[in-house]
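Written below as structure tokens is the structure these notes are about.
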Amino acid sequence: MPDPVVFKAAHTAADHWAHAAKACVDALLPLPAGANLGFVYATDRLAEDFSSILAYLRQKTGIEHWAGSVGIGICGNDTEYFDRPGSRFWSARCWPVPSACSRRSPRAPTSSPTTFAPG
3 MPDPVVFKAA HTAADHWAHA AKACVDALLP LPAGANLGFV YATDRLAEDF SSILAYLRQK
63 TGIEHWAGSV GIGICGNDTE YFDRPGSRFW SARCWPVPSA CSRRSPRAPT SSPTTFAPG
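Plus 2 on top of the position in the sequence shown (first one is 1) and you've got my numbering.
Okay, here's the thing in structure tokens:
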């Protein structure tokens, strides 16, 4: 049986993406042995800097594979980040990362949004 998945998490609010990313990475270190997957969530105030956040995370942690999202708010333990810059990161040691999780650029929508009308 494989070893269990091990997670380590951090969250913070900061006026600049670099300060938020550094604070979270500092809290994540040292990473779990063999960490090979990360999760990153940021508030919409950091959306324009999301690619910079990912580059920083890859450089500082050595974790190549990251998954995540940007939203209007995020939660970290007992703290909510709404209407201000905030970020939440997890590092994990998982079983081998599937090729479907390999590094890819976000895709643009292939068609216009569909409207659903109950009826």
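We put the CB at the ideal spot given by N, CA and C, even for glycine.
- With the rule of 3 Cβ pairs closer than 8 Å, the stretch 19 to 26 counts as touching the stretch 50 to 66.
- Between residue 38 and the set 69, 25, 87, the nearest pair of CA atoms involves 69.
- It is roughly 25 Å from the alpha-carbon of residue 44 to the alpha-carbon of residue 36.
- When the Cα atoms are used, residue 28 and residue 75 turn out to be separated by approximately 22 Å.
- About 6 Å separates the Cβ atoms of residue 40 and residue 59, confirming a contact at the 8 Å cut-off.
- Per DSSP, residue 26 is one residue of the alpha helix (DSSP H) stretching across 19 to 30.
- Residue 86 sits in coil when the DSSP states are folded into three classes, being neither helix nor strand.
- Boundaries of the beta strand (DSSP E) around residue 76: 75 to 78.
- Within the same chain, Cβ atoms closer than 8 Å to the Cβ of residue 72 are found at 43, 44, 45, 46, 48, 49, 52, the five residues on either side in sequence being excluded.
- Each residue's CA atom was taken as its position, placing residue 96 and residue 64 some 15 Å apart.
- Per DSSP, residue 39 is one residue of the beta strand (DSSP E) stretching across 39 to 45.
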